[in-house]
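A.B. asks:
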Amino acid sequence: MLKQKLQTHQIILLVISGIVFIMGIMLIIAPAAIYPDPSKGFQVMRSMELGSAFNVMVKPDQNDISKNTSEFLAWWSPGQYLVPYFFKLIFGVNTGRASSIVTLLFSLSGIFGFYYFFKKAGFTPMISALSVLFIVIQLSFFTPYVFYNGGEVLLFGYTGWFLYGCIAIEKITWKLAVFLFIGGILGFICKSSFLWMYAATCCFLWLRFSMGTKDIIRWIKNGIWIGVPAVLSLFMVYHFYLSKGANPSSITGSMKLVWETFGFPLASPILTAFSVDDLTNGLLFHDDPPMFTYFWGVIIVLICAVLSILLIWFIVEKAPHKNYALLLVVFYVVSVLFFGQSFLRQANISYEARHLRLIGLIAAPGIIYLVSRLQTGYKYLFYFICFVIAYSSYKYFVPSYFQNKNIGAKGYSGIAQLFIDQPSLNYIRNLDKQNNNAIFVFNSPDLSLEIERNRTITVETIGAEVAIDYDDYVYNGHAGPLYIVLPADYIGPKSTIMRKCFPGYTGFKMTMLSNDYILWEAK
Numbered sequence: 007m008l009k010q011k012l013q014t015h016q017i018i019l020l021v022i023s024g025i026v027f028i029m030g031i032m033l034i035i036a037p038a039a040i041y042p043d044p045s046k047g048f049q050v051m052r053s054m055e056l057g058s059a060f061n062v063m064v065k066p067d068q069n070d071i072s073k074n075t076s077e078f079l080a081w082w083s084p085g086q087y088l089v090p091y092f093f094k095l096i097f098g099v100n101t102g103r104a105s106s107i108v109t110l111l112f113s114l115s116g117i118f119g120f121y122y123f124f125k126k127a128g129f130t131p132m133i134s135a136l137s138v139l140f141i142v143i144q145l146s147f148f149t150p151y152v153f154y155n156g157g158e159v160l161l162f163g164y165t166g167w168f169l170y171g172c173i174a175i176e177k178i179t180w181k182l183a184v185f186l187f188i189g190g191i192l193g194f195i196c197k198s199s200f201l202w203m204y205a206a207t208c209c210f211l212w213l214r215f216s217m218g219t220k221d222i223i224r225w226i227k228n229g230i231w232i233g234v235p236a237v238l239s240l241f242m243v244y245h246f247y248l249s250k251g252a253n254p255s256s257i258t259g260s261m262k263l264v265w266e267t268f269g270f271p272l273a274s275p276i277l278t279a280f281s282v283d284d285l286t287n288g289l290l291f292h293d294d295p296p297m298f299t300y301f302w303g304v305i306i307v308l309i310c311a312v313l314s315i316l317l318i319w320f321i322v323e324k325a326p327h328k329n330y331a332l333l334l335v336v337f338y339v340v341s342v343l344f345f346g347q348s349f350l351r352q353a354n355i356s357y358e359a360r361h362l363r364l365i366g367l368i369a370a371p372g373i374i375y376l377v378s379r380l381q382t383g384y385k386y387l388f389y390f391i392c393f394v395i396a397y398s399s400y401k402y403f404v405p406s407y408f409q410n411k412n413i414g415a416k417g418y419s420g421i422a423q424l425f426i427d428q429p430s431l432n433y434i435r436n437l438d439k440q441n442n443n444a445i446f447v448f449n450s451p452d453l454s455l456e457i458e459r460n461r462t463i464t465v466e467t468i469g470a471e472v473a474i475d476y477d478d479y480v481y482n483g484h485a486g487p488l489y490i491v492l493p494a495d496y497i498g499p500k501s502t503i504m505r506k507c508f509p510g511y512t513g514f515k516m517t518m519l520s521n522d523y524i525l526w527e528a529k
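Position one of the sequence shown corresponds to residue 7 (this note's numbering), numbered consecutively onward.
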């Protein structure tokens with residue numbers, strides 16, 4: 007029986023790895039599109055390739071575009087472009103293929119990292135393998151194969167092994183101190199949101215090694231062993247990175263306490279483990295048209311919060327290993343406190359379940375373990391839910407991949423460009439080759455990655471209300487030729503606004519690049 011289980015779990019892992027490897031090869035052949043966040047990182051990479059300092063973006067000065075200004079980009083962690091940059095240097099591939107290699111390797115790393123973490127946490131190989139399968143069918147796993155999401159896929163590939171280390175270390179020694187110091191820095195390089203996970207890790211380790219004793223001195227000593235390397239790691243991160251620029255948590259508004267402030271992080275186990283937020287196009291934050299109104303989105307979040315609390319309670323009650331239960335509870339509580347206070351202060355963090363994905367990942371083996379103890383009818387209900395999730399992920403990935411492959415415009419970066427068509431991109435690329443002192447203006451940051459010889463400016467999209475804050479849009483002065491690339495629906499007031507944002511230029515000429523895109527140029 008045991009032999010059969012071992013064979014079965016090995017087959018499951020082999021099939022998962024094989025499918026992911028095939029998807030990765032497909033991705034290398036036809037790279038994905040890109041989210042705005044990593045595209046900003048790749049702009050920094052481009053500046054570094056042209057000679058700027060580490061993590062410094064060089065761009066036209068808003069007060070005088072004939073000059074450049076430099077900005078240390080502390081808003082996002084550097085791993086999203088540094089890791090692809092490594093593969094660019096090693097293999098000589100373009101940015102699109104380098105990011106595809108990253109997606110493949112870190113997906114496989116995450117699969118095996120979480121598998122070994124689940125085993126170390128006390129679950130059988132079969133439960134661990136099924137838990138990984140449950141993770142892989144989620145929509146969030148397929149996302150980087152459609153849109154390179156930078157830190158998200160890096161964090162997935164890293165955290166499983168990091169959590170494995172948290173469970174594997176048996177006692178407090180210098181090895182734990184080194185693990186915490188290096189682990190904190192590496193995790194931050196993957197994604198800045200790792201910091202809340204790092205805080206949860208320190209709390210878990212302190213409680214794990216201190217619970218069971220009433221010796222206060224022992225608690226203090228354990229706290230020092232854990233706290234000192236953690237503080238040193240955070241000091242390195244803050245001093246050499248975060249202190250040099252603004253970051254999402256530093257930009258806040260007035261206090262705002264609403265039902266979802268703490269309800270959303272409380273709901274994270276259900277929202278993430280079952281792809282609820284992804285399958286509904288975002289209950290509270292959405293780029294695509296929402297499936298529910300704000301009112302019903304909040305109601306669903308609150309229902310998921312109640313179900314999540316019950317789910318965590320049942321897992322803790324039934325989990326076969328106390329360290330796993332403790333880790334799950336600590337990470338859940340810390341996530342609720344961190345994101346709750348962030349939403350309360352209106353920090354620049356969106357109501358997206360992807361920020362809390364780790365809670366669903368940690369809960370996965372607990373969910374599978376609970377299901378394994380259910381009666382047959384309830385198991386079939388769970389299987390049906392998994393089928394719906396897997397089918398939705400398939401329906402998301404397949405057409406999106408072929409759209410990137412066959413429809414998305416391709417240029418210098420190799421990334422599938424969704425906000426320009428191929429004829430328009432070809433025209434822009436020719437202009438780039440013909441000039442060496444021009445400025446190109448785009449309303450999507452990924453398009454700047456297609457310019458090799460000239461400088462670029464990225465402006466925010468003008469909304470339907472056609473109202474902007476000119477202080478954010480106006481670029482004074484005059485340099486070389488100016489090329490403003492816009493969607494065709496900007497013809498009219500929006501185009502007028504865009505031209506006024508460059509008062510140093512007159513005599514604009516419009517060219518229809520295609521049915522969907524226009525070019526305003528002034529020399």
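Quick reminder that beta carbons are idealized off the backbone N, C-alpha and C, glycines included.
Exposed or buried, which one is Met-518 when buried takes at least 16 other CB atoms within 10 Å?
C.D. replies: In the sequence shown, counting from the first residue as 1, residue 518 sits at position 512. When all chains shown are included, Met-518 counts as exposed.
A.B. asks: To which residues of the same chain is Val-340 closer than 7 Å at the C-beta, ignoring the five residues directly before and after it?
C.D. replies: Taking the first residue of the sequence shown as 1, we reach residue 340 at position 334. Excluding sequence neighbours, Val-340 sits near Trp-202, Ala-205, Ala-206, Cys-209.
A.B. asks: Who are the near neighbours of Gly-513 in its chain, counting only those whose CB is closer than 7 Å to its CB and skipping five residues on each side?
C.D. replies: As a working mapping, residue 513 is identified with position 507 in the sequence shown. Closer than 7 Å at Cβ, skipping near neighbours: Ala-528.
A.B. asks: What's the call for Met-261, buried or exposed, on a 16-neighbour Cβ count within 10 Å?
C.D. replies: Taking the sequence shown and counting its residues from 1, the one referred to as residue 261 is at position 255. So Met-261 ends up on the exposed side.
A.B. asks: Under the rule that 16 or more other beta-carbon atoms within 10 Å means buried, what is Ile-463, buried or exposed?
C.D. replies: Counted from its first residue, the sequence shown places residue 463 at position 457. Ile-463 comes out buried.
A.B. asks: For Thr-299, does the three-state DSSP call read helix, strand or coil?
C.D. replies: Taking the sequence shown and counting its residues from 1, one reaches residue 299 at position 293. Coil.
A.B. asks: For Thr-502, which residues does DSSP report across the bridge?
C.D. replies: Mapped onto the sequence shown, residue 502 falls at position 496. Its beta-bridge partners do not exist; DSSP assigns none.
A.B. asks: Per the DSSP calculation, Lys-515 is bridged to which residue(s)?
C.D. replies: Against the sequence shown, residue 515 aligns to sequence position 509. DSSP output for Lys-515 lists Glu-527 as bridge partner(s).
A.B. asks: Can you determine whether any heavy atom of the ligand GDP sits closer than 7 Å to the C-beta of Ile-22, and answer yes or no?
C.D. replies: The ligand GDP is not part of the structure shown, which contains no ligands of any sort.
A.B. asks: Quick check on DSSP: helix, strand or coil for Met-7?
C.D. replies: To locate residue 7, count along the sequence shown from 1; it is residue 1. At Met-7 the pLDDT is 40, less than 50, meaning the model places this residue with poor confidence; the figure from the coordinates comes in the next sentence. Three-state DSSP puts Met-7 in coil, outside helix and strand.
A.B. asks: Counting pairs of Cβ atoms below 8 Å between the segment 345 to 362 and the segment 96 to 105, do you hit three or more?
C.D. replies: Contact between the segment 345 to 362 and the segment 96 to 105 is absent, because fewer than three Cβ pairs lie under 8 Å.
A.B. asks: Which runs of the alpha helix (DSSP H) at least 4 residues long sit entirely within the segment 187 to 266? Give them in chain order.
C.D. replies: List check, alpha helix (DSSP H) in window: 200 to 216, 222 to 246.
A.B. asks: Return the chain-ordered list of same chain residues with a C-beta closer than 8 Å to the C-beta of Met-7, the five sequence neighbours on each side being excluded.
C.D. replies: Within the sequence shown, numbered from 1, the residue matching residue 7 stands at position 1. Residue confidence is low: Met-7 scores 40 on pLDDT, short of 50, so the model does not pin down where it sits. Its coordinate-derived value is still stated next. Closer than 8 Å at the Cβ level, and outside the excluded window around Met-7, lies no residue.
A.B. asks: Take Lys-126 and list the residues in its own chain whose beta-carbon comes closer than 8 Å to its own, dropping the five residues that flank it on each side.
C.D. replies: One-based indexing of the sequence shown puts residue 126 at position 120. Answer for Lys-126: Tyr-170, Ile-173, Ala-174, listed in chain order.
A.B. asks: Decide if the segment 150 to 160 is in contact with the segment 108 to 124; the criterion is three or more beta carbon pairs, one per stretch, under 8 Å apart.
C.D. replies: Yes, they touch.
A.B. asks: For the alpha helix (DSSP H) containing Tyr-164, list its first residue and its last residue.
C.D. replies: The residue labelled residue 164 in the question sits at position 158 within the sequence shown. Run containing Tyr-164: 157 to 174, per the alpha helix (DSSP H) assignment.
A.B. asks: DSSP state of Thr-101, grouped into three classes?
C.D. replies: The residue you call residue 101 lines up with position 95 of the sequence shown. Correct three-state label for Thr-101: helix.
A.B. asks: Going by beta-carbon coordinates alone, are Arg-459 and Glu-158 separated by less than 8 Å?
C.D. replies: Mapped onto the sequence shown, residue 459 falls at position 453. Mapped onto the sequence shown, residue 158 falls at position 152. No.
A.B. asks: What is the residue span of the alpha helix (DSSP H) that Lys-533 lies within?
C.D. replies: Since the first and last residues shown for the chain are 7 and 529, residue 533 lies out of range.
A.B. asks: Taking the CB atoms as reference points, tell me whether Arg-52 and Leu-431 lie closer together than 8 Å.
C.D. replies: Stepping through the sequence shown from its first residue, residue 52 is reached at position 46. Stepping through the sequence shown from its first residue, residue 431 is reached at position 425. The answer is no: Cβ separation not under 8 Å.
A.B. asks: Pairing CB atoms from the segment 322 to 333 with CB atoms from the segment 235 to 246, are three or more of them under 8 Å?
C.D. replies: The segment 322 to 333 is not in contact with the segment 235 to 246.
A.B. asks: Whole angstroms is fine: what's the gap from Gln-229's alpha carbon to Gly-288's?
C.D. replies: Locating residue 229 in the sequence shown gives position 223, counting from the first residue. Locating residue 288 in the sequence shown gives position 282, counting from the first residue. A small fix is needed here, since residue 229 is Gly in this sequence, not Gln. So the alpha carbons of these two residues sit roughly 39 Å apart.
A.B. asks: State the start and end residues of the unbroken beta strand (DSSP E) segment that holds Asn-74.
C.D. replies: Along the sequence shown, one-based indexing puts residue 74 at 68. Residues 74 to 78.
A.B. asks: State buried or exposed for Ser-113, treating a residue as buried only when at least 16 other CB atoms are found within 10 Å of its CB.
C.D. replies: Numbered from 1 along the sequence shown, position 107 holds the residue referred to as residue 113. Per the 10 Å Cβ criterion, buried.
A.B. asks: Thinking just about the alpha-carbon of each residue, which of Ser-45, Leu-139, Phe-93, Tyr-386 is nearest to the one in Ser-23?
C.D. replies: For the purposes of this step, residue 23 is taken as residue 17 along the sequence shown, with counting starting at 1. For the residues Ser-45, Leu-139, Phe-93, Tyr-386, the minimum Cα distance to Ser-23 belongs to Leu-139.
A.B. asks: For the candidate residues Ser-520, Phe-185, Ala-39, whose alpha-carbon lies nearest to that of Asn-412?
C.D. replies: Within the sequence shown, residue 412 is the residue found at index 406, counting from 1. Nearest option by C-alpha distance: Ala-39.
A.B. asks: Would you call the CB atoms of Leu-376 and Ile-315 closer than 8 Å?
C.D. replies: Translated into the one-based positions of the sequence shown, residue 376 becomes position 370. Translated into the one-based positions of the sequence shown, residue 315 becomes position 309. Contact flag unset, no.
A.B. asks: Quick check on the burial criterion: 16 or more other C-beta atoms within 10 angstroms. Buried or exposed for Arg-379?
C.D. replies: In the sequence shown, counting from the first residue as 1, residue 379 sits at position 373. Arg-379 comes out exposed.
A.B. asks: Which of the three DSSP states is assigned to Lys-46 in this structure?
C.D. replies: For the purposes of this step, residue 46 is taken as residue 40 along the sequence shown, with counting starting at 1. Helix, per DSSP.
A.B. asks: Could you round the C-beta distance between Ile-117 and Leu-367 to whole angstroms and report it? I think they count as a contact, below 8 Å.
C.D. replies: One-based indexing of the sequence shown puts residue 117 at position 111. One-based indexing of the sequence shown puts residue 367 at position 361. No, Ile-117 and Leu-367 are not in contact; Cβ-Cβ is about 11 Å, not under 8 Å.
A.B. asks: Can you give me the C-alpha to C-alpha distance between Ser-249 and Ala-80, rounded to a whole angstrom?
C.D. replies: Locating residue 249 in the sequence shown gives position 243, where the first residue counts as 1. Locating residue 80 in the sequence shown gives position 74, where the first residue counts as 1. Their Cα atoms are separated by approximately 8 Å.
A.B. asks: Enumerate in chain order the residues of its own chain whose CB-to-CB distance from Asp-522 is below 8 Å, with the five nearest sequence positions on each side excluded.
C.D. replies: Against the sequence shown, residue 522 aligns to sequence position 516. Asp-427, Ser-430, Pro-493, Ala-494, listed in sequence order.
A.B. asks: Is it buried or exposed for Met-217, if we count other Cβ within 10 angstroms and need 16 for buried?
C.D. replies: Taking the first residue of the sequence shown as 1, we reach residue 217 at position 211. By the 10 Å Cβ count, Met-217 comes out exposed.
A.B. asks: Taking the C-alpha atoms as reference points, what is the distance between Leu-19 and Ala-135?
C.D. replies: Within the sequence shown, numbered from 1, the residue matching residue 19 stands at position 13. Within the sequence shown, numbered from 1, the residue matching residue 135 stands at position 129. The alpha-carbon atoms of Leu-19 and Ala-135 are separated by roughly 6 Å.
A.B. asks: Where does Leu-334 land, buried or exposed, given buried means 16+ other C-beta within 10 angstroms?
C.D. replies: The sequence position of residue 334 within the sequence shown is 328, counting from 1. Buried: at least 16 other Cβ atoms inside 10 Å.
A.B. asks: So for Leu-492, helix, strand or coil by DSSP?
C.D. replies: One-based indexing of the sequence shown puts residue 492 at position 486. The answer is strand: DSSP assigns Leu-492 an E or B state.
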